Amino acid sequence: MAHYQRVGDVPPKRHTQHRDPREGAGNALLYEELMGEEGFSSDSSLLYHRHVPSAMVDARTWDLPDQKTEPNHPLTPRHLTLHELFPGAAWKAIDAVTGRRLVLGNGDVRISYAVVGSTSPFYRNAVGDEVAFVESGTASVETVFGHLEVGSGDYVVIPRATTHRWVPTGDDPLRLYIIEANSHIAPPKRYLSRYGQLLEHAPYCERDLRLPTYAEPVEESDGVEVYLKHRGHGAGGLAGSVHVVPNHPFDVVGWDGCLYPYVLNVADFEPITGRIHQPPPVHQVFEGYNFVVCNFVPRKVDYHPLAVPVPYYHSNVDSDEVMFYVAGDYEARKGSGIGIGSITLHPGGHAHGPQPSAIEASLGAERFDELAVMVDTFRPLEIGEAGRESDDGAYAWTWAGGRR
Numbered sequence: 001m002a003h004y005q006r007v008g009d010v011p012p013k014r015h016t017q018h019r020d021p022r023e024g025a026g027n028a029l030l031y032e033e034l035m036g037e038e039g040f041s042s043d044s045s046l047l048y049h050r051h052v053p054s055a056m057v058d059a060r061t062w063d064l065p066d067q068k069t070e071p072n073h074p075l076t077p078r079h080l081t082l083h084e085l086f087p088g089a090a091w092k093a094i095d096a097v098t099g100r101r102l103v104l105g106n107g108d109v110r111i112s113y114a115v116v117g118s119t120s121p122f123y124r125n126a127v128g129d130e131v132a133f134v135e136s137g138t139a140s141v142e143t144v145f146g147h148l149e150v151g152s153g154d155y156v157v158i159p160r161a162t163t164h165r166w167v168p169t170g171d172d173p174l175r176l177y178i179i180e181a182n183s184h185i186a187p188p189k190r191y192l193s194r195y196g197q198l199l200e201h202a203p204y205c206e207r208d209l210r211l212p213t214y215a216e217p218v219e220e221s222d223g224v225e226v227y228l229k230h231r232g233h234g235a236g237g238l239a240g241s242v243h244v245v246p247n248h249p250f251d252v253v254g255w256d257g258c259l260y261p262y263v264l265n266v267a268d269f270e271p272i273t274g275r276i277h278q279p280p281p282v283h284q285v286f287e288g289y290n291f292v293v294c295n296f297v298p299r300k301v302d303y304h305p306l307a308v309p310v311p312y313y314h315s316n317v318d319s320d321e322v323m324f325y326v327a328g329d330y331e332a333r334k335g336s337g338i339g340i341g342s343i344t345l346h347p348g349g350h351a352h353g354p355q356p357s358a359i360e361a362s363l364g365a366e367r368f369d370e371l372a373v374m375v376d377t378f379r380p381l382e383i384g385e386a387g388r389e390s391d392d393g394a395y396a397w398t399w400a401g402g403r404r
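At position 350 of the sequence shown the residue is numbered 350 (the UniProt record's numbering), and the sequence of numbers has no breaks.
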């Protein structure tokens, strides 16, 4: 996110001496870390640590949650019921890092779901950026850049290799819909100036972003474990390690730059509408390599006198479409069994659209009160263990009134 920020204590000139002014610190030199994308050719930030950021005293393997996927074969649309994945009170002992379950994935992106009540370990994803959509609940996301207080409707964007942890803060379960890229995730290029500012036609702007608040550096030297997801030869080309670092990773006294985690609440996304039905790209909020993220928010709908407000049938020739139903009453899906907490997968090669009865029923509607998060991928998605477990097995036949 090319939006310069300066937080805490940084020197007036980069790559120059910066010393610890604390009493008893002996005027020690602080350690500068450049965290940057695409080598040294894209956005970056400089962080100033009290301790050597490369130091580690032990390492071991971390057995990642099941990352195996199976092809969607025979090719069918699917309805997945995510709220059935974490029954009872089991969520109280689950955390947002080790407890997330893989729903769908391919070589570009993985979609997981977690219902959690426990503090996660410190965690760093060295494979790609993450966007976690908070379906419900509250948490503090503690990061090396500072803290983010998050709640329902928040997109939490965490750049690759950012050390952080999730700390649930309420009595209710924290429900997270997690999109993990093998790339970076950013606002759509068409919404950005050539210098990176969000333009006037964009559905959100820099004022809508919530940034990390400064947190006092933590002094702890008993050894801290950091869970690391990285490239490897396991399922999905991923591997896990645990690094034991001698000092607390949140020892940063200040940072500045254009790379950092941030939060955008879905309520701050301003919908783009028209007289006739607008195509899905108007709902786009983020993009990564070979996928996009869109959201469908409460909005005024098509106002041509003969408009058909629900979507027309369409064939995803180049992409798979994943819709996560978060809130409201999704007009196009009435009669399909889909409800809050559902996912639909509409694969490329299958024409899909509204349930037949929903078309006539939508005529004359002036507003849709619905909230959904959509991911479109440009390589086929495969089914993860959580997707297999939550598949209702009946959705593919609903347009025809049932299997024959």
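For every residue, glycine included, the Cβ atom is placed at its ideal position computed from N, Cα and C. Quick caveat: nothing in here was measured; it's all calculated off a predicted structure.
Beta-carbon proximity of P77 to H350, cut-off 8 angstroms: The residue given as residue 77 occupies position 77 in the sequence shown. The residue given as residue 350 occupies position 350 in the sequence shown. Yes, the pair counts as a contact, with Cβ atoms nearer than the cut-off.
Check the C-beta distance from Y176 over to L345 and give it rounded, since I have them as a contact under 8 angstroms. Position 176 of the sequence shown, counted from the first residue, corresponds to residue 176. Position 345 of the sequence shown, counted from the first residue, corresponds to residue 345. Reading off the sequence, residue 176 comes out as Leu, not Tyr. Actually they do not touch by this definition, with Cβ atoms about 19 angstroms apart.
With distances taken Cα to Cα, identify the nearest neighbour of A181 among W62, Q197, L238. For this step, residue 181 is matched to residue 181 along the sequence shown. Checked all of W62, Q197, L238; the closest Cα to A181 is L238.
Look up W91 in the DSSP assignment and say whether it is helix, strand or coil. Against the sequence shown, residue 91 aligns to sequence position 91. DSSP places W91 in helix when its eight states are reduced to three.
Kindly indicate which three-state DSSP category W399 falls into: helix, strand or coil? Looking up residue 399 in the sequence shown gives position 399. W399 falls in the helix class under three-state DSSP.
Who are the near neighbours of Y161 in its chain, counting only those whose CB is closer than 6 angstroms to its CB and skipping five residues on each side? As a first step, residue 161 is located in the sequence shown; it is residue number 161 there, counting from the start. First, the residue type needs correcting, since residue 161 is Ala and not Tyr in the sequence shown. Answer for A161: R124, A126, listed in chain order.
Return yes when the Cβ of L34 is within less than 8 angstroms of the Cβ of V253, no when it is not. Indexing the sequence shown from 1 puts residue 253 at position 253. Indexing the sequence shown from 1 puts residue 34 at position 34. No. Outside cutoff.
List the residues that DSSP assigns as beta-bridge partners of Y123. The residue you call residue 123 lines up with position 123 of the sequence shown. According to DSSP, which records beta bridges pairwise, Y123 is partnered with H164, Y227.
Of all the options E270, E385, G393, which has the alpha carbon lying nearest to the alpha carbon of A235? Reading the sequence shown from its first residue, position 235 is the one you call residue 235. It is E385.
Residue 406 vs Y325 beta-carbon contact at 8 angstroms: There is no way to answer for residue 406, as the model of the chain reaches only from 1 to 404.
In the structure shown, what three-state DSSP assignment does G339 receive? Here the question's residue 339 lines up with position 339 in the sequence shown. If DSSP states are grouped into helix, strand and coil, G339 belongs with coil.
Residue of G146, G196, V322 minimising C-alpha distance to I178: The residue labelled residue 178 in the question sits at position 178 within the sequence shown. Taking only the C-alpha atoms, the option nearest I178 is V322.
Return the first residue and the last residue of the beta strand (DSSP E) that A186 is part of. For the purposes of this step, residue 186 is taken as residue 186 along the sequence shown, with counting starting at 1. Here A186 belongs to no beta strand (DSSP E), and DSSP marks it neither H nor E.
Report all residues from its chain with a CB closer than 7 angstroms to the CB of D302; omit the five preceding and five following residues, and keep chain order. Sequence index remark: in the sequence shown, residue 302 carries index 302 (1-based). Counting only Cβ-Cβ distances below 7 angstroms, and skipping sequence neighbours, we find G274, R275, I276, H277, P309.
From the DSSP output, which residues share a beta bridge with L345? Numbered from its first residue, the sequence shown carries residue 345 at position 345. DSSP, once it has assigned bridges, lists R78, V322 as partnering L345.
Please state whether the Cβ-Cβ distance between residue 406 and Y330 is less than 8 angstroms. The question about residue 406 has no answer here: the residues shown for the chain are numbered 1 through 404.
Just curious, the alpha helix (DSSP H) that D359 is in, first and last residue? One-based indexing of the sequence shown puts residue 359 at position 359. The question names Asp, yet the displayed sequence has Ile at residue 359. It spans 356-362 - the alpha helix (DSSP H) in which I359 sits, taken as one unbroken run.
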